[in-house]
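Residue numbers (our numbering), protein chains in the order written: chain X, 9 to 433; chain D, 27 to 297.
By construction, the Cβ of each residue, glycine as well, lies at the ideal position given by its N, Cα and C atoms.
Everything numeric in this text was worked out from a predicted model, so none of it was measured.
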């Protein structure tokens, strides 16, 4: 097998300045800084330059080594902030690596977003050409595939309508369709399958599978484990910018899931300044535990209620409530449960709730918490670990995997009348 | 086809990539043209009205009210010959300067040689330039004004004009990504430049002792060159000043390109 992509010692560093909303610099700040350090130089010409701009280095990727063979389909998985998207950005040549090198053998197309460069004023037809060119197709190629693209997108009737009049579904279908007809030897894809309705998603997945089976090399980032399992034969798990493990898909996904150390999760941030949050609030504590037991007996089973607690410092008064989203292993949302609204002043705010016993099925779950201010979500926290809901000893002799995401116990009733004769003709 | 990217040296493919992405250049220019006239009520007529009205205003103020000399040519033609390069410079400088910011989304999601964006944004201004050129021809016909053979050299001065616009555009585009302050510099340069460049008047009204200093504005050389080629007759080119302008244009273009290349790798990180 020949090598399609070879990555050696690849790292990427970002400099994060503090207390800035945007990435760009204001010239004023740069001049102020230069001016101040110049002033200091004049006053103390021999002392070292003490003025340090408050900034932090963030290594989004550290020393990545990977070798991907021709025709391999690789899934890249990891938590938010593990470096997946940065890796794709570097490989797509959008941004330069800080150290290290990589080489790619073959025509590369990367798809970090569908519909890049779509212009709302232009018609569907015009956008197909424009977007095709942006993705690296030439005019002849686009012309040749034009009908196919239109057919795939199911937007024949609206070809000469400006895309700003499209419904969002139509827009996404057209955008994906152009991308789906790229003809590269190496395809780099970031989480773009979640577009359109279910029928169209199926179509996209099918198309991706087809691309993969044609012997092309595919690099695929997704939170959707089902999609990774279907499309890829090997997976790479990234954790904090490093390759944590790689190997067959099932195995890698398993180690991704089990890296959440403890079934109970209790995270606290003693210093508000370093806690996740924003100018409205800072997280203090998050707990997901077995509601019946103390800290020592922390096993969560399908028969134990689960207690969820959140505390945050409220920095500005407002009408707040939280919304708890329970997510499955593939990232699909199982439920969203909002709390009642309350007017809070500044101070420590706590919310808690209990997911009843006999509600969730066994398996891995994770949470996402939204803090909502007067109807507008102002903060989202994705819990980085999974909790495992264990199965309990079964009654009976069936030991197979219990299907479904929930395992509710309903009040079943039965009737039996032994004396009623079985009706005969 | 094999590519290797190593930290700190991505240069080797650049020219090859530029060639590979030439179609993107056409497409972006085509998009800008389409979009520009799509939602305007009178469409292309803007390209005619704008220079005509500006010419009329300048003629009125400098020719009729201030009664400045016109070097023996009809004042409207004197003005229009300068308006031609000036409007191209002003609009392409502004377009190129804002082009990266307005295409930020593309830059952070797709790879292509970044220079394609500011370079293609100039095409729209160039189309306006061509329209104005036709207007000038009509104006000359109206006044019965015959250009001399010098007009054959106009393409050379046009190249100098493009170099000045692209050079300035590259500088401002790259700076604008990093320091958004330059947003405010663009309209200022465009407005201020109209007064310090010899658009509404002939540069012959500038005292002889100041001519050389005056030519430190590269657009002075470009505009004088345009007038020299279009008006013909006894309009003279002030050679030392022109050479200084030419040199400065070259410096702006080369340094603009170099600065752009140096910073473009980080555009996606900061935009």
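>> For a test of the three-state rule: what should DSSP assign to residue 254(X), helix, strand or coil?
In response: In the first chain, counting from the first residue as 1, residue 254(X) sits at position 246. Residue state, collapsed to three classes: strand.
>> Quick check on the DSSP output: the beta strand (DSSP E) that includes residue 362(X) runs from which residue to which?
In response: As a working mapping, residue 362(X) is identified with position 354 in the first chain. Unbroken beta strand (DSSP E) run through residue 362(X): 355-363.
>> Given this structure, state the Cα-to-Cα distance separating residue 95(X) from residue 116(X), to the nearest angstrom.
In response: Position 87 of the first chain, counted from the first residue, corresponds to residue 95(X). Position 108 of the first chain, counted from the first residue, corresponds to residue 116(X). Roughly 15 Å between the two C-alpha positions.
> Going along chain D in order, which residues have a C-beta closer than 7 Å to the C-beta of residue 147(X)?
Replying inline: Within the first chain, residue 147(X) is the residue found at index 139, counting from 1. Neighbours of residue 147(X) across chain D, judged by C-beta separation under 7 Å: 49.
> Exposed or buried, which one is residue 204(D) when buried takes at least 16 other CB atoms within 10 Å?
Replying inline: Within the second chain, residue 204(D) is the residue found at index 178, counting from 1. Buried is the call here.
> Which residues, in order along the region 251-264 of chain X, keep a beta-carbon less than 8 Å from a beta-carbon of chain D?
Replying inline: Of all residues in the region 251-264 of chain X, none has a Cβ within less than 8 Å of some Cβ in chain D.
> If we count the other Cβ atoms within 10 Å of its Cβ and call it buried at 16 or more, is residue 27(X) buried or exposed?
Replying inline: Taking the first chain and counting its residues from 1, one reaches residue 27(X) at position 19. Low per-residue confidence applies at residue 27(X): pLDDT is 43, beneath 50, and the placement is therefore not dependable, though the value from the model is reported in the following sentence. Residue 27(X) should be labelled exposed.
> Which whole-angstrom value describes the C-beta separation of residue 152(D) and residue 215(D), a residue pair presumed to lie in contact below a C-beta threshold of 8 Å?
Replying inline: As a first step, residue 152(D) must be located in the second chain, where it is residue number 126. As a first step, residue 215(D) must be located in the second chain, where it is residue number 189. The pair is not a contact, with the Cβ atoms about 19 Å apart (cut-off 8 Å).
>> Nearest by alpha-carbon distance to residue 318(X): which of 291(X), 263(X) and 384(X) is it?
In response: For this step, residue 318(X) is matched to residue 310 along the first chain. It is 291(X).
> What are the start and end residues of the beta strand (DSSP E) that includes residue 192(D)?
Replying inline: Mapped onto the second chain, residue 192(D) falls at position 166. Element bounds for residue 192(D): not the beta strand (DSSP E) but the alpha helix (DSSP H), 180-204.
>> Determine, for residue 145(D), whether the minimum Cβ-Cβ distance to residues of chain X falls below 9 Å.
In response: As a working note, residue 145(D) is residue 119 in the second chain. Taking CB atoms only, residue 145(D) has no neighbour in chain X less than 9 Å away.
>> Any C-beta of chain D within less than 7 Å: which residues of the region 163-179 of chain X qualify?
In response: Taking 7 Å as the Cβ-Cβ cut-off against chain D, none of the residues of the region 163-179 of chain X qualify.
> In terms of residue numbering, what span does the beta strand (DSSP E) encompassing residue 225(X) cover?
Replying inline: Position 217 of the first chain, counting from 1, holds the residue named residue 225(X). First-last of the beta strand (DSSP E) with residue 225(X): 225-229.
>> Based on DSSP bridge pairs, tell me the residues matched to residue 410(X).
In response: Counting from 1 along the first chain, the entry for residue 410(X) is found at position 402. BP columns for residue 410(X) are empty, so no partner.
> Can you find a C-beta in chain X that's less than 9 Å from the C-beta of residue 71(D)?
Replying inline: Stepping through the second chain from its first residue, residue 71(D) is reached at position 45. Taking Cβ atoms only, chain X never reaches closer than 9 Å to residue 71(D), which makes this a no.
> Could you give the distance in angstroms between the alpha-carbon of residue 123(X) and the alpha-carbon of residue 292(D)?
Replying inline: Position 115 of the first chain holds residue 123(X). Position 266 of the second chain holds residue 292(D). In this structure, the straight-line span from the alpha carbon of residue 123(X) to that of residue 292(D) is close to 23 Å.
> Helix, strand or coil for residue 262(X) per DSSP?
Replying inline: In the first chain, the residue the question calls residue 262(X) occupies position 254. Correct three-state label for residue 262(X): helix.
> When DSSP labels each residue in this structure, what does residue 141(D) get in the three-state scheme?
Replying inline: As a working mapping, residue 141(D) is identified with position 115 in the second chain. In the three-state DSSP reduction, residue 141(D) falls in the coil class, being neither helix nor strand.
> Looking at the C-beta of residue 153(D), does it have a partner C-beta in chain X at a distance below 9 Å?
Replying inline: In the second chain, the residue the question calls residue 153(D) occupies position 127. Answer no: the Cβ-Cβ gap between residue 153(D) and chain X never drops below 9 Å.
> Under a Cβ-count criterion, where at least 16 other Cβ atoms within 10 Å of its own Cβ denotes burial, should residue 398(X) be classed as buried or exposed?
Replying inline: Position 390 of the first chain, counted from the start, is the residue given in the question as residue 398(X). With a threshold of 16 other beta carbon atoms within 10 Å, residue 398(X) falls short and is exposed.
> Quick one: which chain X residues come within Cβ less than 7 Å of residue 32(D)?
Replying inline: Here residue 32(D) is taken as the residue at index 6 of the second chain, counted from 1. Counting only Cβ-Cβ distances below 7 Å, residue 32(D) has contacts in chain X at 109, in chain order.
>> Given this structure, state the Cα-to-Cα distance separating residue 429(X) from residue 420(X), to the nearest angstrom.
In response: As a first step, residue 429(X) is located in the first chain; it is residue number 421 there, counting from the start. As a first step, residue 420(X) is located in the first chain; it is residue number 412 there, counting from the start. Residue 429(X) and residue 420(X) have their C-alpha atoms roughly 25 Å apart.
>> Output needed for residue 434(X): all residues of its chain with C-beta closer than 7 Å, excluding positions within five of it in sequence on either side, in chain order.
In response: For chain X, the structure presents residues 9 to 433; residue 434(X) sits outside this window and is missing.
>> Would you say residue 137(X) lies against chain D (beta-carbon separation less than 9 Å)?
In response: The residue you call residue 137(X) lines up with position 129 of the first chain. Yes, residue 137(X) counts as interfacial toward chain D.
> Using a Cβ cut-off of 7 Å, which residues of the region 121-132 of chain D contact any Cβ in chain X, in chain order?
Replying inline: Residues of the region 121-132 of chain D with a C-beta less than 7 Å from any C-beta of chain X: 131 and 132, listed in chain order.
> residue 153(D): beta carbon under 8 Å from a heavy atom of the ligand SAM?
Replying inline: Looking for the ligand SAM in the displayed structure turns up nothing, as the structure carries no ligands at all.
> Using a Cβ-Cβ distance under 9 Å, would residue 294(D) count as near chain X?
Replying inline: For the purposes of this step, residue 294(D) is taken as the residue at position 268 of the second chain. Yes, residue 294(D) counts as interfacial toward chain X.
> How long is the line joining the alpha carbons of residue 348(X) and residue 185(X), rounded to whole angstroms?
Replying inline: Against the first chain, residue 348(X) aligns to sequence position 340. Against the first chain, residue 185(X) aligns to sequence position 177. Inter-residue distance for residue 348(X) and residue 185(X) is about 42 Å (C-alpha atoms, whole angstroms).
> Of all the alpha helix (DSSP H) runs that stay within the bounds of the region 203-251 of chain D, which reach a length of 4 or more residues?
Replying inline: Runs of the alpha helix (DSSP H) inside the region 203-251 of chain D: 208-222 and 234-240.
> Mapping DSSP to helix, strand and coil, what is residue 395(X)?
Replying inline: Start at 1 with the first residue of the first chain, and residue 395(X) comes out as number 387. It is a strand residue.
>> With a threshold of 9 Å between beta carbons, is residue 102(X) in contact with chain D?
In response: Position 94 of the first chain, counted from the first residue, corresponds to residue 102(X). It does; some Cβ of chain D falls within 9 Å.
>> Please state the DSSP three-state secondary structure of residue 135(X).
In response: As a position in the first chain, residue 135(X) is number 127, starting the count at 1. In this structure, DSSP gives residue 135(X) a helical state, which the three-state scheme calls helix.
> For the region 205-219 of chain D, which residues have a CB atom closer than 9 Å to at least one CB atom of chain X, in sequence order?
Replying inline: Answer in chain order: 205, 206, 207 and 208.
> Do the region 154-165 of chain X and the region 93-112 of chain X meet, that is, are 3 or more Cβ pairs less than 8 Å apart?
Replying inline: Touching, no, given that fewer than three Cβ pairs across the two stretches are closer than 8 Å.
> What's the call for residue 250(D), buried or exposed, on a 16-neighbour Cβ count within 10 Å?
Replying inline: For the purposes of this step, residue 250(D) is taken as residue 224 along the second chain, with counting starting at 1. Burial state of residue 250(D) is buried, judged by a 10 Å Cβ sphere holding 16 or more other Cβ atoms.
> Would you say residue 19(X) faces chain D, with C-beta separation under 9 Å as the test?
Replying inline: As a first step, residue 19(X) must be located in the first chain, where it is residue number 11. Output row for residue 19(X): interface = yes.
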